[in-house]
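Chemist:
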Amino acid sequence: MAKVRDYNAELKALEERARGLKARRIEQLGSLVSSTGADALDLESLAGALLDAVASKNAEVKEAWRAKGAAFFQRRGRKGQRKTGGDSDGNATQPGADPAARSNTAPD
C-alpha cells in the first residue's frame, strides 16, 4: 500500500523554508548596505536612490551599475584571499604576484 502524503505538513515545511530564505535575504541586503557604506546615507536618500535604480530604463546606465557592483565584489573577494593567504583554488598567493593576471576577466 502506498504511503499517504501529509500535504499540510509539506506545505508548512515549505512555508517555513520560504520564511527562512526571506529572512536570510533581508540580512544579506542589510550587510550589503553596510559594506558599501550606504548606511551613512539617511533613509530617504537611500530609498530615493534605490527607487531611481529600479525605475531606470537606460540599459547603458544599468550595465555600468552592474559592472561597478561586480568590481566591488571582486575587490572584496581579493581582500579576503589576502587574509587567508590563498585564492579560491587553494593556491598560495606569491609575494609580488598580480592576482588579476590569473583572472579570466578583463581589468576595469
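The working numbering applies: residue 1299 is where the sequence shown begins, and numbers increase by one.
Every residue, glycine too, gets a C-beta built ideally from N, C-alpha and C.
Please state the DSSP three-state secondary structure of K1320.
Modeler: Against the sequence shown, residue 1320 aligns to sequence position 22. Three-state DSSP puts K1320 in a helix.
Chemist: Determine the direct distance from the alpha carbon of Q1372 to that of D1337, and round the result to whole angstroms.
Modeler: For the purposes of this step, residue 1337 is identified with residue 39 of the sequence shown, where counting begins at 1. For the purposes of this step, residue 1372 is identified with residue 74 of the sequence shown, where counting begins at 1. So the two alpha carbons sit approximately 21 Å from each other.
Chemist: Going along the chain, which residues of its own chain have a beta-carbon closer than 7 Å to the beta-carbon of K1360, five neighbours each way excluded?
Modeler: Position 62 of the sequence shown, counted from the first residue, corresponds to residue 1360. Excluding residues within five positions, the ones whose Cβ falls inside 7 Å are S1354.
Chemist: According to DSSP, is G1346 part of a helix, a strand, or is it coil?
Modeler: Counting from 1 along the sequence shown, the entry for residue 1346 is found at position 48. G1346: helix per DSSP, three-state reduction.
Chemist: Below 8 Å on the Cβ atoms is my guess for A1347 versus W1363; work out the distance and round it to an integer in Å.
Modeler: Within the sequence shown, the letter at position 49 stands for residue 1347. Within the sequence shown, the letter at position 65 stands for residue 1363. At roughly 11 Å, the Cβ-Cβ gap does not stay under 8 Å, so A1347 and W1363 are not in contact.
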